[in-house]
């Protein structure tokens with residue numbers, strides 16, 4: 327008899343059911359959606375992964391093939407062959423699927439973000455941040471330091487010399503400038 331789950335939903339339900347002998351060493355504590363999403367077959371052209379608000383994703387898509395970062399699949403997403411940029415928009419951590427990633431209660435999400443940032447940098451890519459200002463917690467500091475540039479602040483985290491202006495860099499910086507002028511809630515809604 328075949329023990330494989332017959333649908334992605336069944337697989338997700340099984341993955342989310344804790345088992346005492348299960349190794350919880352993956353980014354999302356055993357939940358790994360990457361293979362079910364068939365990312366390499368469907369999104370082979372993607373160059374940028376955006377963990378952020380809708381306005382950020384739409385703006386980045388104007389200059390680079392981009393997809394939204396998905397909890398439980400982010401490491402697979404940044405491992406796609408052409409991905410060279412990860413955008414971390416701090417708005418994503420206050421609502422939507424990444425909500426709480428900078429809080430102590432969402433360590434799996436936080437760890438997944440750190441692992442993805444590390445992977446991108448290890449492969450010569452950039453991790454661009456758009457923050458609210460200086461870090462306010464140790465979790466936020468760790469993620470901030472994992473970035474190659476914070477486009478909202480003059481202070482540059484991580485690898486300070488890695489600030490070359492690419493089209494994605496300019497797009498993220500433009501969103502930061504626009505948000506500074508307008509704080510309309512729908513502009514920063516995270517889905």
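In this note's numbering, the protein residues as written are 327 to 517.
Even for Gly, the Cβ is constructed at its ideal location relative to N, Cα and C.
Residue interval of the beta strand (DSSP E) (run including residue i)
i           : result
residue 428 : Per DSSP, residue 428 belongs to no beta strand (DSSP E) and is neither H nor E.
residue 374 : 374-377
residue 453 : 452-456
residue 392 : 392-394
Sub-8 Å separation of residue i and residue j beta-carbons
i           : j           : result
residue 435 : residue 469 : no
residue 477 : residue 411 : no
residue 389 : residue 497 : yes
residue 397 : residue 376 : no
Option nearest residue i by Cα separation, candidates the options
i           : options               : result
residue 504 : 400, 396, 467 and 382 : 382
residue 475 : 464, 449, 443 and 506 : 443
residue 495 : 372, 385, 418 and 371 : 385
residue 456 : 409, 378 and 445      : 378
residue 462 : 441, 418, 429 and 392 : 429
residue 459 : 392, 373, 399 and 506 : 506
residue 450 : 433, 465, 432 and 407 : 407
residue 493 : 371, 401, 413 and 421 : 413
residue 380 : 464, 426, 399 and 422 : 422
residue 409 : 372, 445 and 424      : 372
residue 405 : 465, 441, 466 and 501 : 441
residue 419 : 502, 501, 491 and 465 : 465
residue 391 : 399, 402 and 374      : 374
residue 501 : 417, 427 and 401      : 417
Residue span of the alpha helix (DSSP H) that contains residue i, given as start and end
i           : result
residue 409 : Looking at the DSSP string, residue 409 is not in any alpha helix (DSSP H), and its letter there is neither H nor E.
residue 467 : 464-471
residue 446 : 433-448
residue 383 : 380-387
Residues bridged to residue i [DSSP beta-bridge criterion]
i           : result
residue 476 : 455
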